[in-house]
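Notes follow once the structure below has been shown.
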């Protein structure tokens, strides 16, 4: 009996250089290319935005009322095959007023918006807001209205002179009486042969948008004329919480939401808040 020897096992030769496309190196590169994606991150640490409106004083000069906005902005975006993700957030958002004495109009709060798309699950968007605490007074409301008025004045375009407008009006008018050539109407052609029965309705991905605000607190305050500078007296307090969701707005939209509301007024005689609109409690 003869004994047959086995052929020696051949080992794959490693690539001769990093630029070589032979052997296992080329297959590894192709896998990496298939998983390529894009990631963008933007962060602004403690930017300050000041909104102010100047008013002429009574012979004193110009008095400026300002609102200072501070927050931390973060934006993250990533895109990969079959998966997109976007997150935008405002951390520590608060507003300070310099009227009489600097004080907080909007106490620090957090806002976040996220958008996720997956080829298997569809589109999901979520907006979440932390506890919002707002203190409003007559001076603050006037400041906000003055700022809005200043912005509108700066955005308005200059109106042309009426005399100049009349001269150019004749050239801008369209001639309605002269005969004109009728242009042929083009309609899209639909071929019946391309229609495949049973596949006319394409499968639509699910869509959802959820908005959640855990707690909102708004306090309306008075500024007595004879009181000390910066003294404010609370009058009305509104507490609310809301949650809403919207689904499939491209095909068959349906929405549901829930709002909780409570209003109280401050009784100065007893120094306590008393209910004005009580929340409904279901047992």
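In this note's numbering, the protein residues as written are 69 to 351.
Glycine included, each C-beta is placed from N, C-alpha and C at the ideal position.
Note that the structure is predicted; figures quoted are calculated from it, not measured.
**Prompt:** What do you reckon, are the CB atoms on residue 139 and residue 160 nearer than 7 angstroms?
**Reply:** yes
**Request:** Go to residue 289, then tell me how far its beta strand (DSSP E) extends in each direction, as first and last residue.
**Result:** Per DSSP, the unbroken beta strand (DSSP E) holding residue 289 starts and ends at 275-290.
**Request:** Mind checking who residue 134 pairs with in its DSSP beta bridge?
**Result:** 120
**Message:** Alpha carbons only, please: which of 307, 336, 189, 330 is nearest the one belonging to residue 274?
**Reply:** When each option's Cα is compared against that of residue 274, the closest is 189.
**Neighbourhood of residue 277 by C-beta, 6 angstroms cutoff - its chain only, sequence neighbours within 5 removed** = 193, 314
**Same chain, Cβ closer than 6 angstroms to residue 185, five either side skipped, listed in chain order** = The residues are 152, 191.
**Item:** When 272, 281, 347, 339 are compared against residue 321, the one with the closest alpha-carbon
**Value:** 272
**Item:** Status (buried if at least 16 other CB within 10 Å, exposed otherwise) for residue 336
**Value:** In the assembly as shown, residue 336 is an exposed residue. Its beta-carbon has fewer than 16 other beta-carbons within 10 Å.
**Prompt:** Straight-line CA distance for residue 334 to residue 110?
**Reply:** Rounded to whole angstroms, residue 334 to residue 110 spans 44 angstroms at the Cα level.
**Request:** In the DSSP assignment, find the alpha helix (DSSP H) that holds residue 342 and state where it starts and stops.
**Result:** No alpha helix (DSSP H) holds residue 342; the beta strand (DSSP E) holding it covers 340-345.
**Request:** Check the DSSP bridge columns for residue 183 and list the partner residues they point to.
**Result:** Residue pairing of residue 183 in beta bridges, as defined by DSSP: 154, 193.
**Request:** Spell out whether any CB of chain B is found under 7 angstroms from the CB atom of residue 340.
**Result:** Annotation note: the requested chain B is absent from the structure, which comprises a single protein chain.
**Message:** If I measure Cβ to Cβ from residue 154 and keep anything under 6 angstroms in the same chain, skipping five residues before and after, which residues do I get?
**Reply:** 145, 183
**Close-in-space but distant-in-sequence residues of the same chain around residue 306 (CB under 6 angstroms, 5 per side omitted)** = 286, 331
**Item:** Residue from 346, 213, 281, 325 whose Cα sits closest to the Cα of residue 178
**Value:** 281
**Request:** Return yes when the Cβ of residue 309 is within less than 7 angstroms of the Cβ of residue 283, no when it is not.
**Result:** Going by C-beta atoms, residue 283 is nearer than 7 angstroms to residue 309.
**Item:** Close beta carbons around residue 264, own chain, < 7 angstroms, minus the five adjacent residues each side
**Value:** With a pLDDT of 47 at residue 264, under the threshold of 50, the modelled position of this residue cannot be trusted, and the question is left open.
**Item:** Same chain, Cβ closer than 6 angstroms to residue 218, five either side skipped, listed in chain order
**Value:** 121
**Request:** Classify residue 84 as helix, strand or coil using the three-state DSSP reduction.
**Result:** Bear in mind that the predicted position of residue 84 carries a pLDDT of just 47, short of 50, making it unreliable; the figure below should be weighed with that in mind. Reduced to three states, the DSSP call for residue 84 is coil.
**Item:** Neighbour-count burial assignment, residue 241, 16 or more Cβ in a 10 Å radius
**Value:** exposed
**Message:** Give me, in chain order, the residues of the same chain whose beta-carbon lies closer than 8 angstroms to that of residue 150; leave out the 5 immediate sequence neighbours on both sides.
**Reply:** 186, 187, 188
**Message:** Taking only three categories from DSSP, how would you classify residue 241?
**Reply:** coil
**Request:** Leaving out five residues on either side along the sequence, give the residues of the same chain with a beta carbon under 7 angstroms from the beta carbon of residue 302.
**Result:** 287, 289, 334
**Request:** Verify whether the separation of the beta carbon atoms of residue 164 and residue 170 is less than 7 angstroms.
**Result:** yes
**Message:** Considering only heavy atoms of the ligand COA, does any lie closer than 6 angstroms to the CB of residue 133?
**Reply:** The ligand COA is not among the ligands present in this structure, which contains no ligands whatsoever.
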